[in-house]
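First to last, the sequence lines map onto chains Y and G. So that you can map any letter, position 120 of the first sequence is 165 in this note's numbering, and since no number is skipped, the others follow by simple counting. So that you can map any letter, position 319 of the second sequence is 364 in this note's numbering, and since no number is skipped, the others follow by simple counting. Glycine is no exception: its CB is placed at the ideal position from the N, C-alpha and C atoms. Here the structure is a predicted model, which is why all the values come from computation and not from measurement. Reading through the structure tokens given below for one structure.
Protein chains: 2
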Amino acid sequence: MKRRDFVTALGIGAGAAALSACGKKESEDCAQQGIGEQAASKDVIHWKMVTTWPKNFPGLGTAPERFAKNVAKMSNGRLQIKVHGAGELVPALEAFSAVSAGTAQIGHGAAYYWKGKEPAAQFFAAVPFGLNAQEMNSWIHYGGGQQLWDEAYEQFNLKPFAGGNTGVQMAGWFRKKINSLEDLKGLKMRIPGLGGEVLKKLGGVPVNIPGGELFTALQTGTIDATEWVGPYNDLAFGLYKAAKYYYYPGWHEPGTTLEVIINKKALQELPEDLQAIVEQAIRASNQDMLDEYTARNNQALNTLVNEHKVELLKLPEDVLKQLHAVSNEVVQEVANTSEMTKKVYDSFTKFAEQSRAYHMISEQAFYETRTL
Amino acid sequence: MKRRDFVTALGIGAGAAALSACGKKESEDCAQQGIGEQAASKDVIHWKMVTTWPKNFPGLGTAPERFAKNVAKMSNGRLQIKVHGAGELVPALEAFSAVSAGTAQIGHGAAYYWKGKEPAAQFFAAVPFGLNAQEMNSWIHYGGGQQLWDEAYEQFNLKPFAGGNTGVQMAGWFRKKINSLEDLKGLKMRIPGLGGEVLKKLGGVPVNIPGGELFTALQTGTIDATEWVGPYNDLAFGLYKAAKYYYYPGWHEPGTTLEVIINKKALQELPEDLQAIVEQAIRASNQDMLDEYTARNNQALNTLVNEHKVELLKLPEDVLKQLHAVSNEVVQEVANTSEMTKKVYDSFTKFAEQSRAYHMISEQAFYETRTL
């Protein structure tokens with residue numbers, strides 16, 4: 046039911062929409078305001094949000110919870126979004142299909158999970174040697190990225206949004222040192238996505254293991270190495286107890302962008318003010334996650350290095366150069382998949398070129414100057 | 046009048062608040078919904094927003110306009126914010142006092158403008174060799190910065206928010222080359238704030254000239270150099286026609302944070318949902334400005350270098366090192382001003398130390414790796 050129809054049906058104008066301020070949970074408030082629960086709860090819109098993270102997983106999972114709380118506050122309780130952890134309503138990797146079909150109205154995950162449905166999706170999550178957080182946000186919101194993302198998801202009845210960012214991730218935890226390209230040969234490493242394909246081309250063996258099983262796999266030597274996120278999440282997983290060497294930089298995920306997807310019909314059926322509330326809350330939440338990761342990563346790195354005596358190492362320059370060259374090949378192959386991937390690739394690489402040039406004299410030059 | 050009182054007075058519950066969906070501008074919509082304009086416009090809250098920028102000034106001035114539009118949409122017209130350019134209601138640098146006194150309910154500017162009222166304010170705008178945009182946002186939102194900012198503005202009845210960011214600025218436009226520290230001696234440069242104090246300690250002559258007079262001052266040689274913002278704003282001002290050398294990096298303003306200030310009483314008098322709407326819209330707008338600057342700076346640098354053949358130069362390493370050393374002295378002097386400045390300085394520098402360490406192996410390492 047569209048808002049206007051609803052309003053007309055009740056014949057009391059826009060005011061009707063706000064009665065829903067008193068949802069089920071707010072019955073006490075409503076009682077104080079003299080509104081019966083039954084009448085009040087009538088117009089509350091309930092959305093289900095499916096996520097690809099365990100409920101309240103630090104950073105990735107807490108962001109959708111905060112977003113839902115903000116929407117409830119901003120809408121005066123008229124839009125209630127219930128957040129479901131992975132597997133609660135649908136398995137993690139079925140979130141996309143669930144929102145596309147309308148089983149859930151909204152989802153939180155990362156676009157590279159959906160490369161099987163639309164290969165172009167990968168450009169909206171993480172591209173090896175691609176864009177960092179600031180650049181991803183700028184490309185999406187002011188560089189034409191959003192329009193292409195909309196177009197790519199059109200066939201699925203989904204409207205996508207940037208829904209958080211981890212910043213540059215870490216290259217990962219290794220049980221043995223990486224001194225040369227030779228050391229990548231036969232290396233069994235948990236590294237999904239494009240990064241994994243790059244490793245494979247260099248003779249490594251990328252494997253995909255769910256987060257929950259990572260620690261044991263690494264500790265028992267089932268795998269030789271794993272990437273995960275960054276110091277904050279890695280410390281929480283205790284990975285430093287399973288591998289000695291912590292490598293940087295996260296060449297494969299330089300500014301991993303999380304994603305909110307909304308079923309288009311569900312979005313369009315919201316009154317316009319609630320649409321605006323949802324969109325602005327996503328935008329705010331997008332920045333909030335990066336702010337949190339930046340602060341918590343600072344602290345966690347401190348703990349890892351000073352308390353847990355982690356050996357922090359930079360990947361050798363020739364290894365990084367080779368990873369970069371092979372990454373370009375892998376990304377080019379994705380670009381050649383379809384007209385859509387080609388279009389997204391062109392927009393992305395054009396933006397990346399300008400951005401690299403500008404950031405060399407701004408952000409990069411400042412970082413370098415500060416540490417002279 | 047508080048929302049609850051208002052609601053009680055009308056005796057019709059939360060629904061009343063939303064009648065205001067039909068503001069004066071929405072009379073057509075309201076007519077369709079069968080609500081008379083007079084009744085409908087009753088509950089619209091009108092706020093005046095004073096800014097320190099000319100009306101619709103690119104980036105800095107367009108951000109508050111977008112913010113006001115978003116608030117109107119999200120509140121279904123219940124909160125109408127009219128944006129006033131500098132000088133329209135009060136002169137630019139009286140925005141702080143106007144919002145403090147309640148003449149206007151909200152303001153947009155930058156905290157370093159208010160150092161005469163509260164020296165600690167400078168830490169919330171730009172600190173030479175301090176934090177970049179990502180770090181400022183993280184310090185403010187997850188590093189204790191916001192609490193200190195609140196405390197610093199408490200006495201003025203103001204609630205401050207991060208309200209945009211320009212990213213790393215440029216060092217500025219120079220009519221002659223800077224080859225050594227000698228070249229700073231006697232240099233007449235428009236560079237306000239802490240950057241100016243640093244220049245002065247190194248024998249330069251900092252002057253303060255309003256933006257509108259910059260081009261002529263530089264072209265006629267009244268000044269030898271000027272900093273302004275970055276490629277996007279600098280290109281629009283045509284500064285490349287008045288000076289030949291464009292220096293980087295913007296050591297003096299590495300992540301200039303803009304500011305929204307709200308009169309505390311006005312904020313508290315809003316219904317809770319409108320408070321949440323205003324706060325989230327500011328947060329979204331904070332990121333939006335950086336996204337825009339990043340994209341437009343990319344493009345503008347391209348134009349400056351390729352079309353206007355601007356000579357892009359990096360300040361010599363020994364000059365940067367000396368600027369850094371003197372900046373530390375100047376910032377330390379600010380810290381010694383009061384208990385408040387000391388507290389903010391301690392929080393800021395502790396965060397900056399951790400952040401420098403973390404970003405050396407993440408953002409900085411990635412930038413360097415990408416350009417190997």
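As a quick exercise: from the options, pick the residue whose alpha carbon is nearest that of residue i.
| i | options | result |
| --- | --- | --- |
| Y/T265 | Y/L284, Y/W273, Y/N278, Y/L138 | Y/L284 |
| G/H42 | G/A340, G/L124, G/I223, G/V375 | Missing from the structure shown is residue 42 of chain G; chain G here goes from 46 to 417 and no further. |
| Y/G234 | Y/P316, Y/I327, Y/L244, Y/L280 | At residue 234 of chain Y the sequence reads Met, which differs from the Gly that was named. Minimum Cα distance to Y/M234 is reached at Y/L244. |
| Y/Q192 | Y/E408, Y/A311, Y/M385, Y/H404 | Y/M385 |
| Y/I236 | Y/A171, Y/G132, Y/P361, Y/K289 | Y/A171 |
| Y/Q179 | G/N331, G/R401, G/N373 | G/N331 |
| G/K246 | G/S372, G/W98, G/S383, G/L365 | G/S372 |
| Y/K286 | Y/N253, Y/W218, Y/E227 | Y/W218 |
| Y/R220 | Y/V274, Y/Y403, Y/D228 | Y/D228 |
| G/F112 | G/S400, G/A329, G/Y403 | G/A329 |
| G/P299 | G/L239, G/I327, G/G249 | G/L239 |
| Y/Y403 | G/A345, G/V128, G/G189 | G/A345 |
| Y/Q214 | Y/V128, Y/G190, Y/E196, Y/T301 | Y/T301 |
| G/L259 | G/G249, G/V274, G/I126 | G/V274 |
| G/T261 | G/F282, G/Q325, G/D333 | G/F282 |
With 16 as the cutoff for other CB atoms within 10 Å, does residue i come out buried or exposed?
| i | result |
| --- | --- |
| Y/L64 | Because the pLDDT at Y/L64 is just 30, under 50, the model does not fix this residue reliably, and the value given afterwards should be weighed accordingly. Buried is the call here. |
| Y/P294 | buried |
| G/G68 | Low confidence applies to G/G68: its pLDDT is 33, below 50, so where it sits in the model is not reliable enough to give any reading. |
| Y/K93 | buried |
| G/N19 | Nothing about residue 19 of chain G can be read from this structure; chain G reaches only from 46 to 417. |
| Y/Q377 | exposed |
| Y/N381 | exposed |
| G/A370 | exposed |
| Y/T211 | buried |
| Y/D363 | exposed |
| Y/P255 | exposed |
| G/N224 | exposed |
| Y/T416 | exposed |
| G/P316 | buried |
| Y/E139 | buried |
| Y/P136 | exposed |
| G/H353 | exposed |
| Y/G161 | exposed |
| Y/G257 | exposed |
| G/E398 | exposed |
| Y/G209 | buried |
| G/N253 | exposed |
| Y/T22 | Beyond the ends of chain Y as shown, which are 46 and 417, falls residue 22 of chain Y; an answer cannot be given. |
| Y/E196 | exposed |
| G/Q325 | buried |
Taking 7 Å as the limit between beta carbons, can you name the residues of its chain near residue i, skipping five residues before and five after?
| i | result |
| --- | --- |
| Y/E337 | G104 |
| G/E356 | K289, Y290, Y291 |
| G/L365 | W296 |
| G/T348 | L280 |
| G/P99 | G106, G130, A131 |
| G/G248 | L229, K230, G231 |
On the DSSP bridge list, what partners appear for residue i?
| i | result |
| --- | --- |
| Y/K431 | Here chain Y comprises residues numbered 46 to 417, so residue 431 of chain Y is not present and cannot be evaluated. |
| G/K233 | G/V250 |
| Y/H369 | Partner(s): none; Y/H369 has no beta bridge. |
| G/T302 | G/N210 |
| Y/A155 | Y/L303 |
Here's a check: name, in chain order, each residue in its chain whose Cβ is nearer than 6 Å to the Cβ of residue i, leaving out the five neighbours to either side.
| i | result |
| --- | --- |
| G/G241 | P251 |
| G/L124 | I90, V116, L319 |
| Y/V389 | A165, F168, L193 |
| Y/I151 | W92, M94, I307 |
| Y/A54 | With a pLDDT of only 31 at Y/A54, under the threshold of 50, the placement of this residue in the model should not be trusted; the figure read from the coordinates follows. So no residue of the chain qualifies. |
Which residues of chain A have a Cβ atom closer than 7 Å to the Cβ of residue i, listed in chain order?
| i | result |
| --- | --- |
| Y/Q125 | The structure shown has no chain A; the protein chains it does contain are Y and G. |
Closer than 8 Å by C-beta to residue i: which residues in its own chain qualify, once you throw out the five before and the five after it? Chain order, please.
| i | result |
| --- | --- |
| Y/L134 | K93, V95, A143, T148, A149 |
| G/N101 | T107, E110, G130 |
| G/K387 | A380, N381 |
| Y/V350 | L357 |
| G/I322 | V116, M119, S120, L124 |
| G/S11 | Since the first residue shown for chain G is 46 and the last is 417, residue 11 of chain G is missing from the structure and cannot be characterised. |
### Message
I want to know whether the segment 192 to 203 of chain Y touches the segment 138 to 148 of chain Y - three or more CB-CB distances under 8 Å.
### Response
yes
### Query
Is the segment 180 to 193 of chain G touching the segment 329 to 346 of chain Y, taking contact as three or more C-beta pairs under 8 Å?
yes
### Task
For the segment 269 to 288 of chain Y and the segment 218 to 234 of chain Y, state whether three or more C-beta atom pairs, one from each stretch, are separated by less than 8 Å.
yes
### Query
Is it true that the segment 385 to 397 of chain Y meets the segment 172 to 179 of chain Y, where meeting means three or more beta-carbon pairs spaced less than 8 Å apart?
yes
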